[in-house]
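In the working numbering, the protein residues as written are 339 to 613.
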Amino acid sequence: MRKEETIELKQAPASFSPAVTPVSATTVYTDSEGLHAGETTIPSQGEDLPAYLARPASFSGKLPIVLVVQEIFGVHEHIRDICRRLAKEGYLAIAPELYFRQGDPTQYSDIGELLDKLVSKVPDQQVLADLDHSAHWASLHGGDASKLAITGFCWGGRIAWLYAAHSPQLKAGVAWYGKLVGNKTLTNPTHPIDEAIDLTAPVLGLYGGQDSGIPLDTVESMRQAIRAANADAEIVVYPQAGHAFNADYRPSYDAEAAADGWQRMLAWFAKNGVK
């Protein structure tokens, strides 16, 4: 085993988005023992992109890379914990702050206001470019560019689908309850259902059957688009789960669906050559 060059990382307090506090008693906390974890910055489009990094402290060769894409709440403690969980599995996990040019999600305590005043202002093309730069940076800091994966949650689940149609380097994607259809705008000109024909990497979609924000008819429409495109993608629906069923810090958490989805994600990565 070897220790990779040290990256200066800042440590942040374990804070959750004010839009979803108080946190649930089911909240999972993953320690950083044996990991190199903390906040860093990535050169991207002429600016310093804030990001959270977690990877094993010692390893041989290069590590498979997983881009972790935030929920609407930004890279708060739940997303950082996801990165640490992946690092414990042997991945270099990087979660860039994809809203940072438009604003700070921690300044919003109301979800509707957060969506209207910040999230809706973030262009997809900006996000995809920042993810490209994050993947490249990771490849220069212990990551293996030939073993690149992405996973995203809620807002990030939609982005995971889009990135799988954008990046020719991507080996696999896992989208957790990301919207599949929607109104087309200047910031969101296409949606996953429009990109099914252009998927260049296998994608696993994980959805809740009780998700009122992502109706099952839209999930079925995406399945049909995948079949029509002969795309390498699969969608799993957990009939009793709602939206954000992996968000252990929220009342929506479904432990059984979350655990099954996590194992399916790891298996999907392994099956498609990420690890």
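Where a beta carbon is used, it is the ideal one built from N, C-alpha and C, also for glycine.
In the structure shown, L430 adopts extended strand secondary structure according to DSSP, grouped into three states.
Excluding its 5 nearest sequence neighbours in each direction, A534 has C-beta neighbours in its own chain below 6 Å: A563, I564, A567, A569, listed in chain order. With at least 16 other beta carbons inside 10 angstroms of its own, Y576 counts as buried.
Taking C-beta separations shorter than 7 Å and ignoring five residues to either side along the sequence, the partners of A395 in its chain run K341, G372, L373, H374, following chain order.
At the C-beta level, L436 and D468 come within 8 Å of one another.
The three-state reading of DSSP puts F607 in helix, counting H, G and I together. Counted as a single uninterrupted DSSP element, the stretch harbouring P443 is not any beta strand (DSSP E), since DSSP gives it neither H nor E. When C-alpha distances from G547 are compared across T523, A605, L537, A595, the shortest belongs to A595. Leaving aside the five residues that flank G495 on each side, the residues in its chain whose CB is nearer than 7 Å to its CB run, in chain order, A513, W514, Y515, G516.
Note that the C-beta distance between R422 and A389 is not below 8 Å. Assignment of K459 by DSSP, reduced to helix, strand and coil, places it in the helix class. Secondary-structure assignment with DSSP links I449 through no beta bridge to anything. Where A483 is concerned, the enclosing beta strand (DSSP E) starts and stops at 481-491.
Sequence-distant partners of L347 (beyond 5 residues in either direction) whose C-beta falls short of 8 Å from its own C-beta, in its chain, are H374, A375, G376, E377, T378, L391. Out of I488, T525, V519, the CA that lies nearest to the CA of A539 is found in I488.
For T528, no alpha helix (DSSP H) encloses it, and the DSSP letter there is neither H nor E. With 16 or more other Cβ atoms inside 10 Å of its own Cβ, L387 counts as buried. Beta-bridge annotation (DSSP): H474 is not paired with any residue. Contact annotation: A571 and G543 have beta-carbon atoms nearer than 8 Å.
In the displayed model, R588 falls within coil according to three-state DSSP, outside both helix and strand.
Comparing alpha carbon positions, the residue from S505, E415, D462 closest to S355 is E415. When the beta-carbon positions are compared, T364 and Y545 stay at least 8 Å from each other. For Y390, the three-state secondary structure derived from DSSP is strand. Around the CB of L401, 16 or more other CB atoms lie within 10 Å, so the residue is classed as buried. At a Cβ-Cβ threshold of 8 Å, Q440 and V460 count as neighbours.
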